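Visitor: Once you've had a glance at the structure underneath, I'll fire off some questions.
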Amino acid sequence: MRELVLGTAGHVDHGKTSLVRALTGVDTDRLKEEKARGITIELGFAHLDLPCGHRLGIVDVPGHERFVRNMVAGAAGVDLVAFVIAADEGIMPQTREHFEICRLLGVEKGLIVLTKIDLVDDEWLDLVRDEVGDFFSGTFLEDAPMVEFSAQDNRGRDQVIAAIDQLVAESDFFEPSGPFRLPIDRIFSIKGFGAVVTGTAISGRISVGEEVIVYPDGERGRIRGVQVYSTDVDQAEAGHRTAINIQGIDRETLRRGEVVATSGCLLPTWMIDAELDFLSANDKPLKNRARVRLHLGTAEIMARVILLDRDELLPGDSADVQLNLESQAAVWPGDHFVIRRYSPVTTIGGGVVLNALPPKRRRFKEINGEAFAVYRAEDRLQFALQHIRESGRKGVSFAELEVRCALFGRRLEKLIDPAVAGRKIIIVEPESRRMIAAEVYESLAERLVSLVGEFHETNPVKQGIGREELHSRLLGKGEQRLFNRLCADL
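In our numbering, the protein residues as written are 312 to 801.
Written out as structure tokens, the structure reads:
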């Protein structure tokens, strides 16, 4: 069974790290600068064994505005959030920004912890409770438990644990299907063992000895060892905070934001089709081709936002967009993202990836809306057919379609087999199971017949057009198997 991960969130110096230390006994501020300045800069990790029998991973994130990008990296893969608000200050700027980030990343459950209650009287605490209740009204934390805590005497610690325990016990421990993926959030090396990466596994499982690829660069390595919460294990699984010792890859070539994954389960991309929510708190519209900081998993990538059906996006609105990336990414449809302004660096929106390997789109075309409607629908066969149609006469192999749909092996076979049998999908190459859409195939067949007819009209005394000439006129160079299949069918 997969386990869950809880992330902290909240304004700087509101007591997130003190809360984690009180719950787990672990001081997640490990850097000298963190201890000297009294604030969290990098991600910290701990775990908590709950009365319900589950072991909860905890990610402690920075609250300072300068380190929000580290906070976003930590929030990737979080299932629950502990929203920390200091009773002596209430709602502050990073309270708002952290909440929007959690919402945009798809977090749907959590609790609210009012800290530093020893610094205020009961009347003030009542005012803060009302302010916090109003702030979260109408959001996924509207009915969340609100617990009071003091790090000075651990008052409220048991109540916090009880609230977390109930949330975990009531959670749906679904197993994210598909191959193993782990976005890297930390890299180090151990003498005699080599490179070690850490992160939260977001799908699948993988065992010691198996081969992995680091995407998007494509370096190959082999898993030498796995640790979960500092304990050696044979297998890494979704939902666990995991450290992986990779053999065959130098530490210097690894970086935060890359993804350790099963071979063949991802493809690097320079473009992403997405649904973008532009926050209502923004003070000006988002212009077409605006340059932004795109946070995908633990990666930060510079990108341009291409608005497909308008010239600017107003605060509070949503739109279909294509994101043009300045460096490659490796994602699946359904992955969430956050965007921040290039300058000044503030969170302005986010959304969900709809197509991780799209064609380059022309703006203001009706076909874009039709494609995005298919992406958003829950009909997975139509989703697969849309990808096959968009691949045109080049087609798509079964292995590539797996990545495009984030649906692998027998699951994809069961989905498309009826369409193949019904000739909605035409298999062109049996070995790779390269396929094209029936509409594309029929259009080529009609064009082939038309070319033969045109040749006879122009050359009435000749017996017929040569195969090579017909092939060249129809398809240019290559695509011999597709041409042979068309001729055989006709």
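Glycine included, each C-beta is placed from N, C-alpha and C at the ideal position. Since the model is a prediction, treat every value here as computed from it, not as a measurement.
1) Check the DSSP bridge columns for His358 and list the partner residues they point to.
2) From the DSSP secondary-structure annotation, give me the bridge partner or partners of Thr553.
3) Taking the CB atoms as reference points, tell me whether Pro456 and Ala480 lie closer together than 7 Å.
4) Given this structure, state the Cα-to-Cα distance separating Ile727 from Ile396, to the nearest angstrom.
5) Quick check: the Cα distance between Leu692 and Gly733, rounded to an integer number of angstroms?
6) Hey, Gly269 and Pro494 are a contact pair by Cβ (cut 8 Å); roughly how many whole angstroms apart?
7) Tell me, to the nearest whole angstrom, how far the beta carbon of Leu391 is from that of Leu330; I am working on the premise that it is less than 8 Å.
8) Report the residue from Ala384, Ile428, Pro729 whose alpha carbon sits nearest the alpha carbon of His409.
9) Below 8 Å CB to CB, which residues in the same chain sit around Arg700 once its five sequence neighbours on both sides are set aside?
10) Apply the 10 Å Cβ neighbour rule to Val656 and answer buried if 16 or more other Cβ atoms are within range, or exposed otherwise.
11) Between which two residues does the beta strand (DSSP E) carrying Gly608 extend?
12) Helix or strand or just coil, what does DSSP make of Leu577?
13) Should Val570 and Arg672 be called a contact, given that it needs their Cβ atoms to be closer than 7 Å?
14) For the candidate residues His551, Arg466, Asp561, whose alpha-carbon lies nearest to that of Lys502?
15) Pick helix, strand or coil for Arg744, following the three-state DSSP scheme.
16) If you draw a straight line from the alpha carbon of Gln470 to that of Ser482, how long is it in whole angstroms?
17) Where does Leu692 sit, in a helix, a strand or coil, going by DSSP?
18) At which residue ranges does the segment 420 to 497 contain complete beta strand (DSSP E) runs of 3 or more residues, listed in the order of the chain?
19) Could you name the residues of the same chain whose beta carbon sits closer than 6 Å to that of His322, not counting the 5 residues immediately before and after it, in chain order?
20) Leaving out the 5 sequence neighbours to the left and right, which residues in its chain are closer than 6 Å to Leu793 when beta-carbon positions are compared?
21) Compute the Euclidean distance between the alpha carbons of Thr635 and Val439, then round it to the nearest angstrom.
22) Would you mind stating whether Ala398 and Val424 have Cβ atoms separated by less than 7 Å?
23) Return the residue from the list His647, Ile412, Pro362, Gly364 that minimises the CA-CA distance to Thr319.
24) Measuring straight from C-alpha to C-alpha, what distance separates Ala630 and Gln463?
25) For Gln558, which beta-bridge partners are listed by DSSP?
26) Would you mind stating whether Asp584 and Gly660 have Cβ atoms separated by less than 7 Å?
27) Kindly indicate which three-state DSSP category Ile617 falls into: helix, strand or coil?
28) What residue from Ala333, Arg414, Leu422, His325 has the CA that sits closest to Leu317's CA?
29) Give the list of continuous alpha helix (DSSP H) stretches no shorter than 4 residues that lie fully inside the segment 623 to 689.
30) Going along the chain, which residues of its own chain have a beta-carbon closer than 8 Å to the beta-carbon of Ser461, five neighbours each way excluded?
Guide: Reading it off the structure:
1) Gly368
2) Gly510, Val539
3) no
4) 50 Å
5) 13 Å
6) Missing from the structure shown is residue 269; the chain here goes from 312 to 801 and no further.
7) 14 Å between Cβ atoms; not a contact.
8) Ala384
9) Ala748, Glu750, Val751
10) exposed
11) Unbroken run through Gly608: none, as it is neither H nor E.
12) coil
13) no
14) Asp561
15) coil
16) 19 Å
17) helix
18) 420 to 426, 457 to 459, 492 to 494
19) Gly374, Met403, Gln405, Thr406
20) Val739
21) Here the sequence assigns Asn to residue 635, which means Thr is not the residue at that position. Each residue's Cα considered, the two are about 43 Å apart.
22) no
23) Ile412
24) 47 Å
25) Arg533
26) no
27) strand
28) Leu422
29) 677 to 687
30) Thr426, Lys427, Ile428, Asp429, Gly467
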